[in-house]
Every structure is written in structure tokens, then in C-alpha cells.
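**Q**
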Amino acid sequence: MAASAKTLALGNCSLNGEWTVVERRRGKQRRYVPRIKLPEVREAWTPADANVDTERVSTLLQMLETCIKRMENSQFYQCFVEQIENSETFNCFHRVLGSESEMQVVVYGIGSIDSYETPRLQLSLLLLMKRKFSWIGGIEVFDPILSATESRVLQVLGCSVLSVNEQGRRCALKPTLFYMPHCEAELYDNLLHANQEAATLKNVVLFGNSFETYEEYASAIRNSSIVHSAGHILALRKFTSEYKIQIVSDDSFKAFHDSSWHFFHQCA
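UniProt numbering numbers the first residue of the sequence shown as 1 and each following residue consecutively.
(1) Find out if the Cβ-Cβ distance for the pair Q122, Q246 is shorter than 8 Å.
(2) Put F207 into one of helix, strand or coil per three-state DSSP.
(3) Spatial neighbours of V248 within its chain, please: CB distance less than 7 Å, with the 5 preceding and 5 following residues excluded, ordered by chain position.
(4) Go through its chain and collect everything with a Cβ distance to S229's Cβ below 7 Å, but skip five positions before and after it.
(5) How far does the beta strand (DSSP E) with H193 in it extend, from its first residue to its last?
(6) Using only the alpha-carbon positions, how far apart do S260 and L206 sit?
(7) Is L157 closer than 8 Å to F142 when the C-beta atoms are compared?
(8) Are the CB atoms of S183 and N203 nearer to each other than 8 Å?
(9) Check whether the stretch 83-100 and the stretch 41-52 are in contact - that is, three or more C-beta pairs closer than 8 Å.
(10) Are there 16 or more other CB atoms within 10 angstroms of the CB of Y108, so buried, or fewer, so exposed?
(11) Give me whichever residues DSSP pairs with Q104 in a beta bridge.
(12) Taking the continuous alpha helix (DSSP H) assigned at V156, which residues delimit it?
(13) Report the three-state DSSP secondary structure of H94 (helix, strand or coil).
(14) Report the partner residues of E43 according to the DSSP bridge assignment.
(15) I'd like to confirm the pairing. Which residues does DSSP put opposite C159 in its beta bridges?
(16) Count the other CB atoms, across all protein chains shown, that sit within 10 Å of the CB of N105; report buried if there are 16 or more and exposed otherwise.
(17) Looking at the structure shown, is Y116 part of a helix, part of a strand, or coil, going by DSSP?
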């Protein structure tokens, strides 16, 4: 697969958001070619539960502080920081930052931090990154299931809650870390579709499910539904440098198993 100076080629495309099966000559195996999806309209969003429970805000903040302390003292966190600080990974961050001093952070699909421990662990890790690294900039968060109470907690913790459902289609006009542990493949795919031009793809750092695993799974079962939901992931795999996260405890497994850092580059 080749890339132009402006756009990474995804194969023969049309504009109806579907997939076409292309038969190869002389009986060779058929292949699936992604067709460019039409962009969907961004939707204004407000929490379905519009009432803020101030008592619950206080309780949830205490729960998160406990979770942050436990995460900070864990072996998983020490390994996580060491991986970011090693020369190979840090050089990837540095290359994305370029002349910028900070990297904006966008969080999609965090889940309910009130109802489940896994989202609290994932948020705790990000907040610790913000404390640890001066180049981590402002944090924007969105998940359609967030309540007004959870949104208030996030604001108290220094995060901004988006009022629009971008459906993962944020165009990275500047260095941006997309923090998306355990999201659906479609959300990663929407993000890559929005940033398939080389000018924006180079600004993307993605923390989320391993693209290598998606590729292995798609190859092993040859399931067209996997190809459909992860088409841009698979198409851009050759332009991706991936660094898998080391899992060293049951808590970290539940919240971060099969997670990786993904950085993107273009080929001549």
C-alpha cells in the first residue's frame, strides 16, 4: 500500500459507506476494499440525568482519589511510566509534539466512572499522566452515558466534558492524544477515517486496543463484519508503530489488557 503526500491511500473507494468485494484474477483469494464513509452529523449532547447529586459528587471524588493513590503505588504504573520514558517510545511522542509544548488529550468512551471500577482505573491512569508529564495538555472527555453528576466530577478534576457527540471524528489539527482504552472498533475506525490525510494523521497518538490484535483476528477468521468495522484500522496498519502495554496485575489486566500505544507515519 502506498501513500501520497496528502492522503494515505485506502484502495478503490466510493462514497456510499459500504464495502465491496473485489475478485482477483485467476482464482486468487478475494479481498475486501473499504469504501469511504459519508461523515455523520455531530449531535448536540446533554446528560439524560440533568440533576447533579452533590453528595454523590463528594463520594465519587473520594473514590477516585483512593483509586489514583492505589494506581500510583502499583507496579503496573511504574512499568507504564518507564515505557513512556524509554528512548524509543519517548522519541515517538517527541516527534508528534514537534515544536508544540503540549499535547491535547481527547477521551472517548470512558464509560460510567460512578458505576464501574474499570473506568475509574482508566481515568486514574490518565490523571496521573497529567501530573507526571508537563507536555500533557488539557483533557476533553465524552461518553454519551455520562450523568450530570459524573460530568461535574470530571470538571472538578480539571477535565472538560464535550457538549457534542463527535462519534470519534475529531480532526487532529494539532498534536492530540486520543485516550480510548477498550472502545469499540467502530470508534477507532471513525477516528482514523477523520484523520486519514497525512497532515493530520501525524498529529495523532492513540492509546487503545491493539491494532495488531485486530489484524490477527481478521486474518484468522476472515470475517467480513470485522473487516467492515475495522477497515481503516487494517488499511493503516502498515503506517502504525505499536507499543503494547505490559500487564502485571489482575487490576491492570481488567482495565488495560490488550492495550497499546499507536503512532502513525507515512511511507514514500
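Even for Gly, the Cβ is constructed at its ideal location relative to N, Cα and C.
**A** Per the coordinate set shown:
(1) No. Outside cutoff.
(2) Strand.
(3) Excluding sequence neighbours, V248 sits near Q75, F76, C79.
(4) Correct list, in chain order: A185, E186, D189.
(5) First-last for H193: 185-194, but that is the alpha helix (DSSP H), not the beta strand (DSSP E).
(6) If you take the alpha carbons of S260 and L206, they lie about 8 Å apart.
(7) No, Cβ-Cβ distance for F142 and L157 is not below 8 Å.
(8) The sequence given here places Cys at residue 183; Ser does not occur at that position. C183 is not a Cβ neighbour of N203, given a cutoff of 8 Å.
(9) Because the criterion of three Cβ pairs below 8 Å is not met, the stretch 83-100 and the stretch 41-52 do not touch.
(10) Buried, by the Cβ-count rule.
(11) DSSP output for Q104 lists T176 as bridge partner(s).
(12) In the DSSP assignment, V156 falls within the unbroken alpha helix (DSSP H) covering 148-156.
(13) In this structure, DSSP gives H94 a helical state, which the three-state scheme calls helix.
(14) Looking at the DSSP output, E43 bridges to N165.
(15) Paired residues: I139.
(16) The sequence shown places Val at residue 105, rather than the Asn named in the question. With a 10 Å radius around the Cβ and a threshold of 16 neighbouring Cβ atoms, V105 comes out buried.
(17) Of the three classes helix, strand and coil, the one that applies to Y116 here is coil, per DSSP.
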